[in-house]
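S.K.:
Residue numbers (the working numbering): 55 to 325.
Spelled out as structure tokens, the structure:
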């Protein structure tokens, strides 16, 4: 689809069930790679990026069982590949979040760069620099980031020079199975990062400082099977609220988390 044709001039009103947040779902799906067992996730949004991530996990050997209630059961008891190939990665920039889980579980990973380009000054460089602090050795060849930690990941201190959501998520997942303690400073504090951290804790991780800009992680030997619910999509919720307000309509949202929308709600109240 190249464009949307919108015929406006109508009052919008009604009730909407808010979907699960894609930006929370993608790293949590990737986190399943770290668990040598089953993980059940609820409130999964059915979007192209989510479908691509599920295909990527399946390519790596993860069992994927979807149902019609918005839930998925993932079984990563055994992995058959640590490669995220270009044919899948090219359509989903967030695929970089499999880097940390693969390095944590298998101590090696190969993730294609979108477009096959070099790292250069791209944001992914923040991921690489941070995970080098955990003992990972990287090289970029043939459009792939290739990481290895022959002796396993080792806890370390990571200070992000620039706040990065996916960078925080990647290092957090890697640190969960690293030996010793890791500290992430200037960590992103978005609800999606908090949701990932809470999911990891439910699976056996030891993380302090959740919701703050300093995360302390004590590495564990392994994660366990478990379940988790993906938070509602605050962007989708805000879009419906603004659309209703702009047309002098009314909108009731269900399955929403108001505390994730403080700024949006404040601006609507001011208007």
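Where is the CB? At the ideal position from N, CA and C, for every residue including glycine. All values reported here derive from a predicted model rather than from experimental measurement.
Nearest to residue 126 by CA position, among 98, 167 and 216, is which residue?
M.R.: Closest by alpha carbon: 98.
S.K.: Does the region 100–113 come close enough to the region 246–258 to have 3 or more Cβ pairs within less than 8 Å?
M.R.: Result no; under three Cβ-Cβ pairs closer than 8 Å.
S.K.: On the three-state DSSP scale, how would you describe residue 141?
M.R.: Three-state DSSP puts residue 141 in a helix.
S.K.: Is DSSP giving residue 64 helix, strand or coil here?
M.R.: DSSP places residue 64 in coil when its eight states are reduced to three.
S.K.: To the nearest angstrom, how far is the alpha carbon of residue 79 from that of residue 234?
M.R.: If I take the Cα positions, the gap works out to 28 Å.
S.K.: Check whether the Cβ atoms of residue 84 and residue 155 lie closer than 8 Å to each other.
M.R.: Against a cut-off of 8 Å, the Cβ pair of residue 155 and residue 84 comes out as a contact.
S.K.: How about residue 72 and residue 220: are their beta carbons less than 8 Å apart?
M.R.: The answer is no: Cβ separation not under 8 Å.
S.K.: Which term fits residue 209, buried or exposed, when burial requires 16 or more other beta carbons within 10 angstroms of its beta carbon?
M.R.: Answer is buried; the Cβ neighbour count reaches 16.
S.K.: Does residue 304 pass the burial test, meaning 16 or more other C-beta atoms within 10 Å, or should it be called exposed?
M.R.: Counting Cβ neighbours within 10 Å, residue 304 comes out exposed, since fewer than 16 surround it.
S.K.: Quick one: what's residue 156 bridged to in DSSP?
M.R.: DSSP output for residue 156 lists no bridge partner at all.
S.K.: Report the rounded CA-to-CA distance for residue 63 versus residue 295, giving the unit in angstroms.
M.R.: Straight-line Cα distance between these residues: approximately 17 Å.
S.K.: Please report the straight-line C-alpha distance between residue 290 and residue 261, rounded to a whole angstrom.
M.R.: Distance between the alpha carbons of residue 290 and residue 261: 29 Å.
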